[in-house]
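Numbering (the working numbering), first residue to last: 112 to 486.
Even glycine gets a Cβ: it sits at the ideal position worked out from N, Cα and C.
Working notes, beginning with the structure itself.
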Ligand code: PLP
């Protein structure tokens with residue numbers, strides 16, 4: 112089936128009592144046993160819940176995987192996945208990943224004995240050079256946040272297989288509609304469902320999906336042991352959001368394409384980062400591994416950063432806010448907002464500057480968005 116059909120139908124029919132068309136919310140913390148050792152599939156909501164189960168099935172299907180866990184935030188999805196490792200293990204990750212992921216990798220997990228090397232993932236040789244005897248995992252985020260650098264997923268997955276490493280891809284920016292990391296050879300794909308998958312800026316959540324039975328069982332065990340699963344209410348909202356994901360992604364992309372071309376022509380803009388531009392230096396790779404360009408744009412504004420407040424303050428439609436992937440357009444300065452947690456060293460290595468502006472292009476009419484920026 113096509114993604115549009117899967118998004119609407121997979122996993123939703125779990126109401127045998129009244130045949131409701133949408134998945135009911137099962138807010139019960141626990142489920143009673145019919146007899147000793149005999150349940151109807153659920154005993155305690157931290158371990159499993161029918162509403163969360165419906166979303167697990169849906170997202171596993173959309174990503175082409177077999178198993179999924181649904182977590183309370185994107186960061187809890189990342190944290191749960193990292194617990195696949197043990198003290199002494201090493202991870203190779205990109206040097207321009209989401210700031211919160213960078214903070215977790217650079218300052219929290221090293222305290223538990225898990226160490227990281229951050230490299231420019233555009234060059235597979237640099238990834239290869241960073242592999243040590245202790246390396247157990249390669250962490251991919253592509254397109255990267257917010258400079259939209261691209262990692263060659265298939266090349267890195269092949270490299271990982273040769274060294275017996277787990278490959279994880281954060282697919283938050285493109286969603287399964289525009290990129291399928293499992294099909295390109297990754298073992299695990301994860302999301303902040305807060306972004307495009309839910310799409311309505313009214314829930315925070317995460318998901319981890321795999322096609323591997325052993326990793327899937329380990330992830331389910333970890334989600335239960337760590338207590339990182341999401342509430343049934345949040346699962347319901349994300350399941351509602353995901354049904355329109357395929358059509359939302361198309362409009363995000365159309366609007367972002369219009370805005371990116373307009374920005375390229377603007378005299379106050381120095382540089383535009385968008386995967387749909389022919390001038391993107393990795394355009395060939397983009398067309399090989401992505402089926403769309405998504406709705407994220409970054410640009411370098413040709414203005415003194417002290418003037419940014421005046422620019423942001425004059426906007427009516429674009430909200431000055433972190434996060435991304437919702438129906439409304441957002442704008443921000445990664446240097447002081449979404450990526451501030453990288454610290455000075457991390458920021459300097461990432462390629463960001465105080466003039467870098469990130470836009471999450473929403474579903475408004477593109478003419479209105481252009482008019483707002485122009486004004
Ligand atoms: N991964 C990416 C690419 C993100 O942009 C974010 C948040 O912005 C996260 C993970 C973390 O997700 P959450 O904020 O839902 O914890």
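>> Run through the DSSP bridge pairs and tell me what residue 411 is partnered with.
In response: Within the chain shown, numbered from 1, the residue matching residue 411 stands at position 300. BP columns for residue 411 point to 382 and 467.
>> Please state the DSSP three-state secondary structure of residue 250.
In response: If you number the chain shown from 1, residue 250 lands on position 139. Strand, per DSSP.
>> Taking the straight line between their C-alpha atoms, what separation do you get for residue 151 and residue 233?
In response: Here residue 151 is taken as the residue at index 40 of the chain shown, counted from 1. Here residue 233 is taken as the residue at index 122 of the chain shown, counted from 1. So the alpha carbons of these two residues sit roughly 48 angstroms apart.
> For the ligand PLP, is there a heavy atom less than 7 angstroms away from the beta-carbon of residue 309?
Replying inline: By one-based count along the chain shown, residue 309 stands at place 198. No - the ligand PLP has no heavy atom lying nearer than 7 angstroms to the Cβ of residue 309.
> Nearest to residue 423 by alpha carbon, out of 441, 313 and 408?
Replying inline: The residue given as residue 423 occupies position 312 in the chain shown. Nearest option by C-alpha distance: 441.
> My guess is that residue 183 and residue 316 are in contact by the Cβ rule of under 8 angstroms, so how many angstroms apart are they, rounded?
Replying inline: Taking the first residue of the chain shown as position 1, residue 183 is located at position 72. Taking the first residue of the chain shown as position 1, residue 316 is located at position 205. At roughly 7 angstroms, the Cβ-Cβ gap stays under 8 angstroms, so residue 183 and residue 316 are in contact.
> Buried or exposed: which applies to residue 328, given that a residue is buried once 16 or more other Cβ atoms fall within 10 Å of its Cβ?
Replying inline: Counted from its first residue, the chain shown places residue 328 at position 217. With fewer than 16 other Cβ atoms within 10 Å, it is exposed.
> Of the choices 351, 174, 178 and 463, whose alpha-carbon is the least far from that of residue 210?
Replying inline: Your numbering for residue 210 matches position 99 in the chain shown. For residue 210, the nearest C-alpha among the options comes from 463.
> Run through DSSP, which three-state label would residue 143 get?
Replying inline: On the chain shown, residue 143 is found 32 positions in, with the first residue counted as 1. In this structure, residue 143 counts as coil in the three-state DSSP scheme.
>> Can you tell me whether residue 185 is helix, strand or coil according to DSSP?
In response: Within the chain shown, residue 185 is the residue found at index 74, counting from 1. Looking at residue 185 - three-state DSSP - the assignment turns out to be helix.
>> Across the region 408 to 428 and the region 296 to 314, are there enough close Cβ pairs to call them in contact, namely three or more that are closer than 8 angstroms?
In response: no
> Quick one: what's residue 228 bridged to in DSSP?
Replying inline: Locating residue 228 in the chain shown gives position 117, where the first residue counts as 1. DSSP lists 203 as partners of residue 228.
>> Assuming contact is defined by CB atoms lying nearer than 8 angstroms, are residue 340 and residue 163 in contact in what I supplied?
In response: The sequence position of residue 340 within the chain shown is 229, counting from 1. The sequence position of residue 163 within the chain shown is 52, counting from 1. In this structure, residue 163 lies closer than 8 angstroms to residue 340 by Cβ.
>> Please list the terminal residues of the continuous beta strand (DSSP E) segment that includes residue 442.
In response: As a working mapping, residue 442 is identified with position 331 in the chain shown. Run containing residue 442: 441 to 443, per the beta strand (DSSP E) assignment.
> Just the Cα atoms here: how many angstroms apart are residue 358 and residue 115?
Replying inline: As a first step, residue 358 is located in the chain shown; it is residue number 247 there, counting from the start. As a first step, residue 115 is located in the chain shown; it is residue number 4 there, counting from the start. If you take the alpha carbons of residue 358 and residue 115, they lie about 8 angstroms apart.
>> Since residue 405 and residue 367 should fall inside the 8 angstroms C-beta cutoff, what is the C-beta to C-beta distance between them, to a whole number of angstroms?
In response: In the chain shown, the residue the question calls residue 405 occupies position 294. In the chain shown, the residue the question calls residue 367 occupies position 256. Yes, they are in contact, since the Cβ atoms of residue 405 and residue 367 sit about 7 angstroms apart, within 8 angstroms.
>> By alpha-carbon positions, which one of 343, 436 and 169 ends up nearest to residue 140?
In response: Sequence index remark: in the chain shown, residue 140 carries index 29 (1-based). Residue 140 has its Cα closest to that of 343, out of 343, 436 and 169.
>> Contact defined as beta carbons within less than 8 angstroms: I believe residue 137 pairs with residue 169. What is the distance between those atoms, to the nearest angstrom?
In response: Taking the first residue of the chain shown as 1, we reach residue 137 at position 26. Taking the first residue of the chain shown as 1, we reach residue 169 at position 58. Contact doesn't hold; Cβ gap of about 16 angstroms is too wide.
> Looking at residue 253 and the ligand PLP, is the gap between the Cβ and the nearest heavy atom below 7 angstroms?
Replying inline: As a first step, residue 253 must be located in the chain shown, where it is residue number 142. Residue 253: no, Cβ never under 7 angstroms from the ligand PLP.
>> Going by DSSP in three states, residue 353 sits in which element: helix, strand or coil?
In response: Taking the chain shown and counting its residues from 1, the one referred to as residue 353 is at position 242. Note: residue 353 maps to helix in three-state DSSP.
> From 198, 245, 230 and 236, pick the residue whose C-alpha is nearest to that of residue 222; which is it?
Replying inline: Start at 1 with the first residue of the chain shown, and residue 222 comes out as number 111. With distances taken between Cα atoms, residue 222 lies closest to 198.
> Using DSSP with H/G/I as helix, E/B as strand and the rest coil, what is residue 149?
Replying inline: To locate residue 149, count along the chain shown from 1; it is residue 38. Strand at residue 149.
>> Quick check on DSSP: helix, strand or coil for residue 278?
In response: For the purposes of this step, residue 278 is taken as residue 167 along the chain shown, with counting starting at 1. The answer is strand: DSSP assigns residue 278 an E or B state.
> Around the Cβ of residue 133, are there at least 16 other Cβ atoms within 10 angstroms (buried) or fewer (exposed)?
Replying inline: On the chain shown, residue 133 is found 22 positions in, with the first residue counted as 1. Answer is exposed; the Cβ neighbour count stays below 16.
>> Buried or exposed, going by whether 16 or more other CB atoms sit within 10 Å of the CB of residue 453?
In response: As a working note, residue 453 is residue 342 in the chain shown. So residue 453 ends up on the buried side.
>> Can you determine whether any heavy atom of the ligand PLP sits closer than 7 angstroms to the C-beta of residue 481, and answer yes or no?
In response: The residue given as residue 481 occupies position 370 in the chain shown. Residue 481: no, Cβ never under 7 angstroms from the ligand PLP.
> Given residue 306, which residues of its chain have a CB within under 6 angstroms of its CB, disregarding the five upstream and five downstream residues?
Replying inline: Start at 1 with the first residue of the chain shown, and residue 306 comes out as number 195. Contacts found: 283, 435 and 436.
> DSSP on residue 449, reduced to helix/strand/coil?
Replying inline: Residue 449 sits at position 338 when you count from the first residue of the chain shown. Looking at residue 449 - three-state DSSP - the assignment turns out to be coil, as it is neither helix nor strand.
>> Taking only three categories from DSSP, how would you classify residue 302?
In response: Along the chain shown, one-based indexing puts residue 302 at 191. Strand.
> With respect to 7 angstroms, is the separation between the Cβ of residue 389 and the closest non-hydrogen atom of the ligand PLP below this value?
Replying inline: Working through the chain shown from its first residue, we reach residue 389 at position 278. Result no, Cβ not under 7 angstroms from the ligand PLP.
>> Please report the distance separating the alpha-carbon of residue 459 from that of residue 380.
In response: Start at 1 with the first residue of the chain shown, and residue 459 comes out as number 348. Start at 1 with the first residue of the chain shown, and residue 380 comes out as number 269. Approximately 21 angstroms between the Cα atoms of the pair.
>> If you reduce the DSSP assignment to three classes, tell me which class residue 209 lands in.
In response: One-based indexing of the chain shown puts residue 209 at position 98. Reduced to three states, the DSSP call for residue 209 is coil.
>> Beta-carbon within less than 7 angstroms of residue 276's beta-carbon, same chain only, minus the 5 sequence neighbours each way: which residues are those?
In response: Here residue 276 corresponds to residue number 165 of the chain shown, with the count starting at 1. Same-chain partners within the cutoff: 246, 247, 248 and 249.
>> Between which residues of its own chain and residue 345 is the CB-CB distance below 6 angstroms, once the five residues before and five after are set aside?
In response: Here residue 345 refers to the residue found at position 234 of the chain shown. Closer than 6 angstroms at the Cβ level, and outside the excluded window around residue 345, lie 314 and 316.
> From residue 414 to residue 230, what distance separates their C-alpha atoms?
Replying inline: The residue labelled residue 414 in the question sits at position 303 within the chain shown. The residue labelled residue 230 in the question sits at position 119 within the chain shown. Looking at the two C-alpha atoms, the distance is approximately 30 angstroms.
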